[in-house]
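In terms of my numbering, the first sequence opens at residue 54 and continues consecutively. By construction, the Cβ of each residue, glycine as well, lies at the ideal position given by its N, Cα and C atoms. Small disclaimer: the values here were computed from a predicted structure and weren't measured. The next block holds one structure in the form of structure tokens; read it before the comments.
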Amino acid sequence: MPELPEVETVRRSLEGLVGRRVVRAEVRSPVLVRYPALAEFLTRVSGRTFTALDRRAKYLLLKLDSGDDLMVHLKMTGRLLQQAPLDPVEPHTHIILHLDDGSELRFADTRKFGGFYLIGQDREGAPPGFRRLGPEPLSEEFTPAYLRQVLGKRKGRIKSLLLNQDIIAGLGNIYADEALFRARIHPGREAASLTPAEIHHMHEVVNQVILESLALGGTSFSSYVDGKGNKGHNVENLRVYGREGQPCVECGDPIARIVIGGRSAHFCPRCQPGRTSRRRNRAVGSAAKSKRAQRRDE
DNA sequence: AAGAAGTCCTGGGCGC
DNA sequence: TGCGCCCAGGACTTCT
């Protein structure tokens, strides 16, 4: 699941694209060209040269000499790879940009959640959330004071708010869980209940988990690889995500998983104690399954 | 306004 | 062995 560190790693691995010209765009799955319409997309991309590679939150911005940005979101399973024509084309390859040095920039995405947007200076056609993105971890705007201000009165659960891109841009499920573990904060806590000290700690560990993952080339949990096909090594660094039932690295108790806001939240019940109201924290397992079965029967 | 829930998508895992 | 259901989750839309 590419989050900020993974997308930044892809960006760095593709910097060789700068100066390359798109000779031809081959779109096998038109739906993945999210904006503009396919014909216009092809016209505006063909013949253009990449001038820089940028990133905003989880969006990759491939800048073109026309002034347009080719915006790519990998979502869950997207991969952007620069490969030689003879390299085997992996399954689920939906878009191929043929470049002037003979190489190909290929976009593959098993679940087709990701996509391309070609955006002009006016930003028309950009996804609605793009304009609302909040500050990123490691940025100057991301400060303890900012977090206090933005979380101070929110009734939502801290886990959900960490995933809200309007509040912090670039965090996803993995790093939200990892940061909460390090801050020793239960994912189901109401944001407004966090003390100033806890928010300060939260700020510090958010930066920490992102920085550590960047140093390791990101987390290759399922399908993520960088632009050269290399996996990241941050999986070994994960303390709670994907470790349900395994012993906590701090206390040895089993890591638990609950659902918050429709997303799994991994945490250590002993190291991250919370006012675990059973009403709010729906356990994953037989109870949830029987509830689903009940819904089906109705 | 804000929070919660539903939606898209499909390979892999699991139960029967 | 094989069928079919469930699950993963980023960010959107819809409902409350």
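Among the candidates the options, whose CA atom is the shortest distance from the CA of residue i?
i, options, result
"Gly280", "Arg159, Leu123, Asp153", "Arg159"
"Tyr199", "Pro249, Glu177, Ser156, Tyr228", "Pro249"
"Ala318", "Pro300, His151, Phe234", "Phe234"
"Leu57", "Arg74, Thr96, Arg109", "Arg109"
"Arg73", "Leu139, Ile313, Arg316, Leu106", "Leu106"
"Asp153", "Lys208, Val142, Leu127, Gly69", "Gly69"
"Ile238", "Gln135, Cys324, Lys111, Ala78", "Cys324"
"Pro354", "Val63, Leu123, Leu115", "The question about residue 354 has no answer here: the residues shown for the chain are numbered 54 through 351."
"Ile311", "Gly305, Arg296, Val80, Cys304", "Arg296"
Can you give the beta carbon distance from residue i to residue j, rounded, assuming they're within the 8 Å contact cut?
i, j, result
"Val60", "Thr104", "Their Cβ separation, rounded to whole angstroms, is 19 Å, which puts Val60 and Thr104 out of contact at 8 Å."
"Ile221", "Pro188", "7 Å"
"Asn287", "Leu269", "4 Å"
"Leu247", "Met255", "7 Å"
"Ile172", "Asp219", "Going by Cβ atoms, the distance from Ile172 to Asp219 rounds to 19 Å, so no, they are not a contact pair."
"Phe169", "Val86", "5 Å"
"Val98", "Leu113", "The pair is not a contact, with the Cβ atoms about 15 Å apart (cut-off 8 Å)."
"Ile313", "Ser213", "6 Å"
"Asn226", "Arg101", "Their Cβ separation, rounded to whole angstroms, is 35 Å, which puts Asn226 and Arg101 out of contact at 8 Å."
"Ala17", "Pro322", "This structure cannot settle anything about residue 17, because the visible part of the chain is limited to 54 through 351."
Could you check if residue i belongs to the surroundings of the ligand ZN, using beta carbon to heavy atom distance under 6 Å?
i, result
"Leu67", "Of the ligands one can find in the structure shown there are none, so the ligand ZN has no counterpart to examine."
What number of angstroms, rounded off, separates the C-alpha of residue i from the C-alpha of residue j?
i, j, result
"Ser273", "Ser66", "15 Å"
"Ser156", "Arg132", "16 Å"
"Arg333", "Met129", "Low local confidence applies: a pLDDT of 41 at Arg333 is under 50, so the model's placement there is unreliable, with the coordinate-based value given in what follows. Cα-Cα distance, rounded: 27 Å."
"Val259", "Leu204", "14 Å"
"Leu241", "Phe320", "Reading the sequence as shown, one finds Gly at residue 241 and not Leu. Distance between the alpha carbons of Gly241 and Phe320 is about 10 Å."
"Pro307", "Glu177", "48 Å"
"Glu93", "Phe195", "38 Å"
"Glu231", "Val262", "7 Å"
"His147", "Ser82", "5 Å"
"Cys301", "His151", "48 Å"
"Asp140", "Lys165", "22 Å"
"Tyr294", "Leu224", "14 Å"
"His253", "Ala245", "14 Å"
"Asn217", "Gly271", "20 Å"
With DSSP collapsed to three states, give me the class of residue i.
i, result
"Glu189", "coil"
"Ala90", "coil"
"Asp140", "coil"
"Gly182", "helix"
"Tyr199", "helix"
"Leu67", "coil"
"Val293", "coil"
"Ala105", "strand"
"Glu157", "strand"
"Ala110", "coil"
"Glu194", "coil"
"Thr62", "helix"
For the beta strand (DSSP E) that residue i lies in, which residues bound it at each end?
i, result
"Glu77", "According to the sequence displayed, residue 77 carries Arg and not Glu. Start and end: 75-80."
"Asp122", "122-126"
"Ile211", "Unbroken run through Ile211 is the alpha helix (DSSP H), 211-216; no beta strand (DSSP E)."
"Ser246", "Careful: Ser246 lies outside any beta strand (DSSP E) and carries neither H nor E."
"Ile221", "Segment: none, Ile221 is in no beta strand (DSSP E) and carries neither H nor E."
Just to confirm the assignment, what range does the alpha helix (DSSP H) spanning residue i have?
i, result
"Gln261", "249-268"
"Val312", "Where Val312 is concerned, there is no enclosing alpha helix (DSSP H), although the beta strand (DSSP E) it sits in stretches over 309-313."
"Leu85", "Here Leu85 belongs to no alpha helix (DSSP H), and DSSP marks it neither H nor E."
"Phe44", "Shown here, the chain extends from 54 to 351; a query on residue 44 therefore has no answer."
"Lys281", "Lys281 -> no alpha helix (DSSP H), and no H or E assigned at all."
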